[in-house]
Amino acid sequence: NAGVTQTPKFRILKIGQSMTLQCAQDMNHNYMYWYRQDPGMGLKLIYYSVGAGITDKGEVPNGYNVSRSTTEDFPLRLELAAPSQTSVYFCASTYDQGGTDTQYFGPGTRLTVL
Amino acid sequence: RKEVEQDPGPFNVPEGATVAFNCTYSNSASQSFFWYRQDCRKEPKLLMSVYSSGNEDGRFTAQLNRASQYISLLIRDSKLSDSATYLCVVNTNAGKSTFGDGTTLTVKP
Numbered sequence: 637n638a639g640v641t642q643t644p645k646f647r648i649l650k651i652g653q654s655m656t657l658q659c660a661q662d663m664n665h666n667y668m669y670w671y672r673q674d675p676g677m678g679l680k681l682i683y684y685s686v687g688a689g690i691t692d693k694g695e696v697p698n699g700y701n702v703s704r705s706t707t708e709d710f711p712l713r714l715e716l717a718a719p720s721q722t723s724v725y726f727c728a729s730t731y732d733q734g735g736t737d738t739q740y741f742g743p744g745t746r747l748t749v750l
Numbered sequence: 138r139k140e141v142e143q144d145p146g147p148f149n150v151p152e153g154a155t156v157a158f159n160c161t162y163s164n165s166a167s168q169s170f171f172w173y174r175q176d177c178r179k180e181p182k183l184l185m186s187v188y189s190s191g192n193e194d195g196r197f198t199a200q201l202n203r204a205s206q207y208i209s210l211l212i213r214d215s216k217l218s219d220s221a222t223y224l225c226v227v228n229t230n231a232g233k234s235t236f237g238d239g240t241t242l243t244v245k246p
């Protein structure tokens with residue numbers, strides 16, 4: 637098992653550009669999450685999904701979009717990049733049983749918007 | 138008020154010390170509780186789940202007080218390798234997960 641994979645590892649964007657952060661898991665997990673982590677801070681939930689075709693907003697969804705067409709993939713879309721979106725982005729998955737299971741994280745994508 | 142609040146730290150302790158971290162949560166619908174460890178802005182990894190009866194894993198002990206909406210982590214006999222950021226995580230049964238800002242521990246020789 638590869639676990640949770642994220643691409644790219646690093647990216648520099650110019651203000652106003654768009655990009656998609658990819659996340660995939662091969663553990664047949666139903667729940668998937670996107671977080672961002674700013675320097676010195678904890679992780680903030682952007683969006684999450686409880687299964688294919690179902691997504692919901694987290695704490696900081698503005699400026700982002702997601703889709704979940706398959707169990708394995710959960711891409712995060714930035715439409716108009718802004719400097720405030722400079723952060724480290726982590727994707728995670730879990731085989732949730734009422735929120736009791738461990739989340740497994742990908743290695744992160746380090747995004748800089750200039 | 139943040140949904141999950143942790144001791145701001147940082148904690149700097151000598152090897153062999155005992156150190157305790159505290160975490161409070163505001164959502165009374167919270168169902169599951171965890172401590173994660175994060176090294177040098179790598180991905181977080183589960184340290185331990187927290188159960189109402191309290192649980193222990195070697196030098197680590199976690200406690201949950203639902204009435205006070207409070208979670209704790211105790212580390213005994215600290216090792217240099219325990220230096221990391223410790224994240225308190227609270228889940229609802231709808232799958233929403235909220236992280237605290239983390240408490241940084243540095244264990245010194």
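Sequence order for the protein chains is A and B.
Just so we're aligned: 649 in the numbering used here is position 13 of the first sequence, and the numbers increase by one with no gaps anywhere.
Just so we're aligned: 197 in the numbering used here is position 60 of the second sequence, and the numbers increase by one with no gaps anywhere.
Built from N, CA and C at the ideal position, the CB exists for glycine as well.
For residue i, report the span of its beta strand (DSSP E) as first-last.
i                      : result
residue 157 of chain B : 156–162
residue 142 of chain B : 141–143
residue 201 of chain B : 197–202
residue 235 of chain B : 234–236
residue 209 of chain B : 207–212
residue 148 of chain B : 148–151
residue 713 of chain A : 712–714
Taking C-beta to C-beta, are residue i and residue j nearer than 8 Å?
i                      : j                      : result
residue 233 of chain B : residue 725 of chain A : no
residue 171 of chain B : residue 187 of chain B : yes
residue 749 of chain A : residue 651 of chain A : yes
residue 666 of chain A : residue 732 of chain A : yes
residue 236 of chain B : residue 679 of chain A : yes
residue 201 of chain B : residue 208 of chain B : yes
residue 707 of chain A : residue 664 of chain A : yes
residue 723 of chain A : residue 640 of chain A : no
residue 621 of chain A : residue 744 of chain A : This structure does not reach residue 621 of chain A, given that chain A is present from 637 up to 750, and the question cannot be answered.
residue 180 of chain B : residue 163 of chain B : no
residue 153 of chain B : residue 215 of chain B : yes
residue 649 of chain A : residue 717 of chain A : yes
Assign residue i to one of two classes, buried (16 or more other C-beta atoms within 10 Å of its C-beta) or exposed (fewer than that).
i                      : result
residue 282 of chain B : Coverage of chain B is limited to positions 138 through 246, which leaves residue 282 of chain B absent and any answer about it impossible.
residue 175 of chain B : buried
residue 671 of chain A : buried
residue 715 of chain A : exposed
residue 231 of chain B : exposed
residue 166 of chain B : exposed
residue 727 of chain A : buried
residue 677 of chain A : exposed
residue 643 of chain A : exposed
residue 242 of chain B : buried
residue 217 of chain B : exposed
residue 168 of chain B : exposed
Which of the three DSSP states, helix, strand or coil, is assigned to residue i?
i                      : result
residue 719 of chain A : helix
residue 692 of chain A : strand
residue 219 of chain B : helix
residue 731 of chain A : coil
residue 745 of chain A : strand
residue 194 of chain B : strand
residue 701 of chain A : strand
residue 138 of chain B : coil
residue 165 of chain B : coil
Would you list the residues sitting across from residue i in a DSSP beta bridge?
i                      : result
residue 170 of chain B : B/187 and B/227
residue 638 of chain A : Residue 638 of chain A pairs with nothing; no bridge assigned.
residue 677 of chain A : BP columns for residue 677 of chain A are empty, so no partner.
residue 663 of chain A : Answer is none; residue 663 of chain A lacks a bridge partner.
residue 658 of chain A : A/643
residue 240 of chain B : B/223
residue 175 of chain B : B/222
residue 648 of chain A : A/748
residue 724 of chain A : A/673 and A/746
residue 709 of chain A : A/660
Is any non-hydrogen atom of the ligand PLP found closer than 7 Å to the C-beta of residue i, if you look at the structure I gave you?
i                      : result
residue 639 of chain A : With respect to the ligand PLP, the structure shown offers nothing to examine, as it has no ligands at all.
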